[in-house]
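Heads up, the thing below is written out as structure tokens.
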Amino acid sequence: MQKLIDLLSGEVSAAFQQAGYDPAYGKVTVSGRPDLGEYQCNGAMPAAKVYHKAPFQIADEAAQALRENPAFLTVEAVKPGFLNLRLSPAFLSDYLNAMTVADHFGLDGETRPKTIVLDYGGPNVAKPLHVGHLRSAIIGESIKRLYRYFGNNVIGDIHMGDWGLQMGLIIAELRERQPDLPYFDDAFSGPYPEKAPFTISELEEIYPTASAKSKVDEDFARKAHEATYLLQTGNPGCTALWKHIMAVSVADLKQNYGKLDVSFDVWYGESDAEPYIAPMLQDLKAQGLLRESDGALVMDVTEEGDAKEMPPCILVKSDGATLYATTDLATLSQREQCFRPDKVLYIVDKRQSLHFEQVFRAARKGGIVRPETELQHIGFGTMNGKDGKPFKTREGGVMRLERLIAEITDFVTEKVRENQIVSADEVDGTAQKIAMAALKYGDLSNLATKDYVFDLDRFAAFEGNTGPYILYTIVRIKSILSRYGKEATRILPPETAEEKDLMLSISRFSDHLQAAYRDSAPNVLCAYIYELSGAVNKFYHETRILTEEDANRQAGYIALISLSRRILETCIALLGFSAPEKM
RNA sequence: GCGCUGGUAGCUCAGUUGGAUAGAGUGACUGACUACGAAUCAGUAGGUCGCAGGUUCGAAUCCUGUCCGGCGUACCA
4 MQKLIDLLSG EVSAAFQQAG YDPAYGKVTV SGRPDLGEYQ CNGAMPAAKV YHKAPFQIAD
64 EAAQALRENP AFLTVEAVKP GFLNLRLSPA FLSDYLNAMT VADHFGLDGE TRPKTIVLDY
124 GGPNVAKPLH VGHLRSAIIG ESIKRLYRYF GNNVIGDIHM GDWGLQMGLI IAELRERQPD
184 LPYFDDAFSG PYPEKAPFTI SELEEIYPTA SAKSKVDEDF ARKAHEATYL LQTGNPGCTA
244 LWKHIMAVSV ADLKQNYGKL DVSFDVWYGE SDAEPYIAPM LQDLKAQGLL RESDGALVMD
304 VTEEGDAKEM PPCILVKSDG ATLYATTDLA TLSQREQCFR PDKVLYIVDK RQSLHFEQVF
364 RAARKGGIVR PETELQHIGF GTMNGKDGKP FKTREGGVMR LERLIAEITD FVTEKVRENQ
424 IVSADEVDGT AQKIAMAALK YGDLSNLATK DYVFDLDRFA AFEGNTGPYI LYTIVRIKSI
484 LSRYGKEATR ILPPETAEEK DLMLSISRFS DHLQAAYRDS APNVLCAYIY ELSGAVNKFY
544 HETRILTEED ANRQAGYIAL ISLSRRILET CIALLGFSAP EKM
């Protein structure tokens, strides 16, 4: 279905052509001056230069040609050369009625759907999720849903950090604590125990301890590097221990992501790329792309015209172990072979942008991905506290994700109880939905690329531009619909300003969705539903729906708010949360 | 040093790819519940868009310079 703005541009372009000008000047945009018009066209001003005429004259000629057009209520040419347009009420309601019955509200998806691998989440095994992981999960989940809504085949891959030095650190620490375990006995030949020699909470304590120790204890650091090497070269004891770490960790991760309503299609990690490393290195070597530097094996990725210095990509460290860039490249090789993606999209902290630029260049140079495979890194900013510094707990430690979620949920639960709208057995479920909306909307409404201030008090306040505001709007609509008790689908031409504004807002659904999709920008979607919710609330305030005496008129109102509700619920689903029945 | 990125109301942020009088929220002040839910709505106050040049009919937006902040800059991830 053609977008309203394109439909209007078509009409105005035809008018420009009819008046003897290039139709390209007939591009219509949403008016920046709602007091003067709903849409505007500025084409007469650039056209004036080409045709050596007064811009107003050109605009006026176009206006004359549009005089009889049924799409417009008014067409006015004003001062320098603006063309101000107001839509005919019947034209607008017709458009909305078409949206009501159209698939995806008339949104045009991809004509040629793509296969996309989405790399997000990126948790480290054996480490608790903290607020830093929140952004990748929330933004990635939303982008995944957005891409799918446009018809693409998206494979969400959690890409766990399960293969680096961190694993060696844990293994080395375990060895110091429990040296008698069979995993450390080279002579051990029987089957290893099925039960892990640790719990998830022990694991979560072991890593930071080991990490801190390696920084002050050289001998321990050496042991950790050695354990990393042993693991990566298939030592049976290390491998068995690693499997325990994985099992315990993954179970915990699934539970945590489940709470966030974030799900992955594949749970691969860096370790899954391991089989691809050796053939990849061999291939790169055969191509003559690798060289030795200070004992390490590196690949140059500088390109003609580089303004900055581009360090080479290190693929094998001087101690023989592989690292981040190696596994990322091997993972690309794996993805290319398993999925043949048209695009690989990474939702990872923006501080890693140099790393990704190196990896992307290396992947292209080494022929690891096809030339047409699109590689993109969407880097997000840091989540800061109110002081503008990276978010910490009041005690100054790293805020665990579980605790953050618990704090918001507790606050919301209190509020839901106070309001006494929902019954006691529904309080928890309702509070969970509201908390999720507050948390996710609070994050997604900011530009992903920028750092943002996470202020629990502000998000929890629920006033103004927040997730709960959106939910409240939906809940209000639901309440009226259930009281009305019938279906209605026929929207009538608007009679009041509030009604027309709401309809205009609805009509712009596709525009905003496409912008959000094009830029992978959930904040665009947030801005849209905030505007739409505002329009709904204003309309709601000015219109008595249930006491309306004209039954036909009333059914029109119901049809209008039903469509509003469907669109709002569709959008919040794309953002990754949902509305309760009451709140 | 080099590179990337940001600087818009007291605070937190938008700004539809160059358009008319720069918008929201929050905080402050003032109104609207014997009306479908007041987690709402209406209004007042608050701005040299970091600074200086330039490009043109027109700049928060594009170019140049400059100041301030954040981040990155080969064997962590």
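Just add 3 to wherever you are in the first sequence, counting from 1, and you've got this note's numbering. Idealized CB from N, CA, C, for every residue including glycine.
Exercise for the section: Please classify residue 340: is it buried, with 16 or more other beta-carbons within 10 angstroms of its beta-carbon, or exposed? Expected result: exposed
Problem - residue 61 vs residue 50 beta-carbon contact at 8 Å - result: yes
Handout entry: Under the three-state DSSP convention, the category residue 340 falls into
Key = Residue state, collapsed to three classes: helix.
Practice task
Specify the secondary structure class of residue 377 as computed by DSSP and reduced to three states.
Solution key: Residue 377: strand per DSSP, three-state reduction.
Exercise for the section: Per DSSP, which residues does residue 87 bridge with? Please list them. Expected result: According to DSSP, which records beta bridges pairwise, residue 87 is partnered with 43 and 79.
Problem - Paired residues, beta bridge with residue 383 - DSSP - result: 352
Exercise for the section: Return helix, strand or coil for residue 272, following the three-state DSSP convention. Expected result: strand
Exercise for the section: Would you mind sorting residue 321 into buried or exposed? The rule is 16 or more other CB atoms within 10 Å of its CB. Expected result: exposed
Practice task
Please work out which residues of its chain come closer than 6 Å, Cβ to Cβ, to residue 334, disregarding the five sequence neighbours upstream and downstream, and give them in chain order.
Solution key: Same-chain partners within the cutoff: 276.
Practice task
Report yes if the C-beta distance between residue 65 and residue 18 is below 8 Å; otherwise report no.
Solution key: Cβ atoms of residue 65 and residue 18: closer than 8 Å.
Practice task
Jot down the residue ranges of each uninterrupted beta strand (DSSP E) in the region 84-151, minimum 3 residues, whole runs only, in chain order.
Solution key: Counting only runs of at least 3 residues, the region 84-151 fully encloses the following beta strand (DSSP E) elements, listed from N- to C-terminal order: 85-90 and 118-122.
Practice task
Counting only the same chain and skipping the five closest in sequence on each side, list residues whose C-beta sits under 6 Å from that of residue 28.
Solution key: 19, 46 and 50
Exercise for the section: Just mark residue 258 as buried or exposed, buried being the case when its beta carbon has 16 or more other beta carbons within 10 Å. Expected result: exposed
Problem - Best match in 315, 288 and 307 for proximity to residue 297 [C-alpha to C-alpha] - result: 315
Problem - Beta carbon of residue 545 nearer than 8 Å to that of residue 508 - result: no
Handout entry: Cutoff 7 Å; reference residue 519; Cβ partners in own chain excluding five residues on either side
Key = 149, 525, 527 and 528
Problem - the region 246-266 in contact with the region 123-139 per 3-pair CB rule at 8 Å - result: yes
Problem - Cβ-based neighbour list, residue 300, same chain, cut-off 7 Å, excluding 5 preceding and 5 following - result: 293, 318 and 319
Problem - Given residue 70 as reference, the closest of 43, 81, 88 and 53 once Cα atoms are compared - result: 88
Practice task
Measure the CB-CB distance between residue 212 and residue 176 and report whether it falls below 8 Å.
Solution key: yes
Handout entry: Residue burial classification, residue 380 (beta-carbon count within 10 angstroms, cutoff 16)
Key = buried
Exercise for the section: Please classify residue 164: does DSSP put it in a helix, a strand, or coil? Expected result: strand
Handout entry: In chain order, each alpha helix (DSSP H) run of at least 4 residues that lies wholly inside the region 421-451
Key = 430-447
Problem - Expected contact under 8 Å - CB spacing of residue 198 and residue 424 to nearest Å - result: Incorrect: roughly 48 Å between the Cβ atoms, too far for contact.
Practice task
Would you check if the region 114-125 and the region 147-162 touch, i.e. whether three or more CB-CB distances between them fall below 8 Å?
Solution key: yes
Exercise for the section: Please state if the CB of residue 283 and the CB of residue 356 are separated by a distance shorter than 8 Å. Expected result: no
Exercise for the section: Throw me the rounded Cβ distance for the residue 571 and residue 494 pair, which I believe falls under 8 Å. Expected result: Their Cβ separation, rounded to whole angstroms, is 16 Å, which puts residue 571 and residue 494 out of contact at 8 Å.
Problem - Segment contact flag, the region 448-468 with the region 380-395, C-beta cutoff 8 Å, min 3 pairs - result: yes
Problem - Residue closest to residue 451, alpha-carbon to alpha-carbon, out of 349, 32, 312 and 263 - result: 349
Practice task
With DSSP collapsed to three states, give me the class of residue 615.
Solution key: Residue 615 lies beyond the residue range present for the chain, which begins at 4 and ends at 586; the question has no answer from this structure.
Problem - Proximity below 8 Å, CB of residue 95 to CB of residue 566 - result: no
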